[in-house]
Amino acid sequence: MKYFIGYMITIGLLILLILFLIRGGNNPGAPHTTKSLASYATTDAEVSFLNEGPIVAASEHRQILITVSRDTVTYQEIAGYNGHVIVTRNFSNSQNAYSQFLSALGHAGFTKIDNAEALQNEKGLCPTGHRYIFELNQGTKQLERGWSTNCGGARSYLGNTDLTITLFQAQVPDYSTLSQSVF
Numbered sequence: 514m515k516y517f518i519g520y521m522i523t524i525g526l527l528i529l530l531i532l533f534l535i536r537g538g539n540n541p542g543a544p545h546t547t548k549s550l551a552s553y554a555t556t557d558a559e560v561s562f563l564n565e566g567p568i569v570a571a572s573e574h575r576q577i578l579i580t581v582s583r584d585t586v587t588y589q590e591i592a593g594y595n596g597h598v599i600v601t602r603n604f605s606n607s608q609n610a611y612s613q614f615l616s617a618l619g620h621a622g623f624t625k626i627d628n629a630e631a632l633q634n635e636k637g638l639c640p641t642g643h644r645y646i647f648e649l650n651q652g653t654k655q656l657e658r659g660w661s662t663n664c665g666g667a668r669s670y671l672g673n674t675d676l677t678i679t680l681f682q683a684q685v686p687d688y689s690t691l692s693q694s695v696f
């Protein structure tokens, strides 16, 4: 009888060990500790939005890049496929404005990215439309990168694309006048 009880205790401990290993020791009720997007407002981190136009001849291809940091908002028009900047406009920014902007992006789902290997590259997709690339960078380190298109279908950016684009465009004074001849 005492061997039977010892046997049952050993089986019970093995089951507990297996359950612990499967769950990874995580407490499902524990709060997540991921850093919020707004917490980057006091750092050198910057967010960017690239609107890449249709795939056409190099002389006709255009992109708009908006980069927002704690101190500066930069609007750039890029010609061709080699990153030739043809227009740059810089506007001052403040930490408070940046914090509000990052909070709004957070609510738009800016950090909701599908990192599946099949979605790592948007090149060649939506060839007659637009590809939208969203990034969060700190120094030389890319913290987040997601993309979407206006053609539908596959995308790695799972946030609200239209709202995110509107938020970026609103950071550039007189955006509609600056961009009217690009696409």
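This note's numbering puts the first residue of the sequence shown at 514, with every later residue one more than the last.
Here a beta-carbon is modelled for each residue, glycine too, at the ideal position from N, C-alpha and C.
Kindly list the residues whose CB is nearer than 6 Å to the CB of residue i, restricted to its own chain and excluding five residues on each side of it in sequence; keep chain order.
i	result
Val598	Gln589, Ile591
Glu635	Arg644, Trp660
Who pairs with residue i in a beta bridge, going by DSSP?
i	result
His597	Ala592
Gln576	Glu565, Ile591
Val581	Val560, Val586
Roughly how many whole angstroms lie between the Cα atoms of residue i and residue j?
i	j	result
Ala551	Ser605	19 Å
Tyr645	Asn628	16 Å
Thr624	Glu573	32 Å
Tyr594	Val586	23 Å
Asn540	Val581	Because Asn540 carries a pLDDT of 40, less than 50, the predicted location of this residue cannot be relied on, and the following value inherits that uncertainty. Roughly 37 Å between the two C-alpha positions.
Phe465	Glu648	An answer regarding residue 465 cannot be provided, because it is not within the stretch 514 to 696 covered by the chain.
Leu618	Val685	15 Å
Glu657	Pro640	24 Å
Asn564	Gln576	5 Å
Asn650	Ala570	30 Å
Ser616	Asp687	22 Å
Thr690	Gln682	11 Å
Ser549	Ser669	20 Å
Identify, in the order they occur along the chain, each residue of the same chain with its Cβ nearer than 8 Å to the Cβ of residue i, setting aside the five sequence neighbours on each side.
i	result
Ala621	Gly672, Asn673, Leu676, Thr677, Leu680
Leu638	Arg644, Thr662, Cys664, Gly666, Ala667
Asp557	Ser582, Arg583, Gln651, Gly652
By the DSSP assignment, the alpha helix (DSSP H) with residue i in it spans what residues?
i	result
Thr679	674-682
Gly666	Premise fails: Gly666 is in no alpha helix (DSSP H) and is neither H nor E.
Asn609	608-620
Thr624	That residue, Thr624, is in no alpha helix (DSSP H); it is neither H nor E in DSSP.
Thr690	688-692
I need the boundaries of the beta strand (DSSP E) containing residue i, first residue and last residue.
i	result
Leu632	Unbroken run through Leu632: none, as it is neither H nor E.
Leu550	First-last for Leu550: undefined, no H or E at that position.
Phe647	644-651
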